[in-house]
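Its first residue numbered 0, the sequence shown is counted upward by one per residue in numbering that gives the first Met the number 0.
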Amino acid sequence: MGAGRFFCVALPLLLTIGSIGTLLYAVLAGVAHENLKLIQVDLSDLSVSPVSFKSLVSRAEFNIKEIQTDNITAEALGLHKYYDLTLWGSCSSDDKKKWECSKSQFDWASKQINASDITEGGTTIQLPKDVKDALKAFQKLIKWSEVAFIVALIGLGLELLIGIFSNFSRAVSCLTWFESVVTTILVIIACSLSTATVAIIAGVVQGSKSLYGAKVHLDGRFLAVIWIGAAFCIGASLFWIFTICCCAPE
């Protein structure tokens, strides 16, 4: 096996490792570190019209009775002002200094977010339809994003393992390339689902007729990191082709 073959195989291997590293950094945000997040929901200026709800929790009823025309704030609804959302959980704060984070878990949105009408102390909060739809969409997208990233990372690990043996056989190189194509598709799907999650929630919150004053702050770094990982993966898949048609093992 010549030096040319070694470097021909080493390049896609390095790109695969780069893809694994960048995707892991993004996917483990909120678990291993707090440097990245999907989005931040800002409810500091939230102002919801009382007519958007069928009835309100007792904490908010006082405001409605006393001042019928006043809109309802996040504080009146018992909500925090800021929410950071990641793939595996959420953190909340009222001042962006002290954060309280939920337990990281699979499908956390379905387990921790109530997307139906809320009953508290005999009083029912009827969530607006656009809010319900947004929450249900968010729950599904988060779950499938988690699944997609898990499967994609397993595929990348398998690609790396098989790729190590590509040095010794063109047939193994062929197998590695095929596996890399499948993995690339999985990575693109995972990144696309996460991007769709951010876009849909941002669009719904910003454009909702019921959530006046609510804002969404996108974390461009998260999207940048996952798509850099996807670029590494695509590059690795392309360079695996050269290990088949060029740089034949001696």
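In this text, a Cβ means the ideal position worked out from N, Cα and C, and glycines have one as well. As the structure is a computational prediction, the values presented were derived from the model and not from experiment.
- Query: Does DSSP classify Asp93 as helix, strand or coil?
  - Reply: coil
- Terminal residues of the beta strand (DSSP E) in which Gln104 lies: Taken as a continuous stretch (DSSP letters only), Gln104 belongs to no beta strand (DSSP E), as it is neither H nor E.
- Pick out whichever of Ala25, Ser43, Asp93 has its Cα sitting closest to the Cα of Trp87. Ala25
- Task: Go ahead and pull the three-state DSSP assignment for Ala9.
- Result: helix
- Message: Considering only DSSP beta bridges, list what Val313 is partnered with.
- Response: A question about residue 313 goes unanswered here, because the residues of the chain that appear run from 0 up to 249.
- Message: Quick check on the burial criterion: 16 or more other C-beta atoms within 10 angstroms. Buried or exposed for Gly219?
- Response: exposed
- Message: Quick check on Ile225: buried or exposed, where buried means 16 or more other Cβ atoms within 10 Å of its Cβ?
- Response: buried
- Query: Apart from the five residues on each side of it in sequence, which residues of its chain come closer than 7 Å, Cβ to Cβ, to Thr175?
  - Reply: Glu158, Ile161, Gly162, Ser165, Trp239
- Query: By Cβ distance below 7 Å, which residues in the same chain neighbour Ser109 in space, the five residues on each side in sequence not counted?
  - Reply: Gln138, Lys142
- Message: Using C-beta distances below 6 Å, list every residue in its chain close to Asp106, excluding the 5 sequence neighbours before and after it, in chain order.
- Response: Lys142
- Beta-carbon contacts of Cys232 that lie in its chain and below 6 Å, excluding the five residues immediately before and after: Ser18, Thr183, Val186
- Message: Tell me the rounded alpha-carbon separation between Ser43 and Val181.
- Response: 44 Å
- Query: Which of the three DSSP states, helix, strand or coil, is assigned to Ala31?
  - Reply: coil
- Under three-state DSSP, which class holds Ser168? coil
- Item | Other residues of its chain near Cys173: CB distance less than 8 Å, five sequence neighbours each side excluded | Ile243
- For Leu23 versus Ala235, is the C-beta spacing smaller than 7 Å? no
- Go ahead and label Ser168 buried or exposed: buried means 16 or more other beta carbons lie within 10 angstroms of its beta carbon, across all protein chains shown. exposed
- Taking Gly29 as the reference, which of Phe221, Ile227, Ala230 has the closest Cα? Phe221
- Phe148 classed as buried or exposed, judged by whether at least 16 other C-beta atoms fall within 10 angstroms: buried
- Message: So, with DSSP's three-state summary, where would you put Ile112?
- Response: coil
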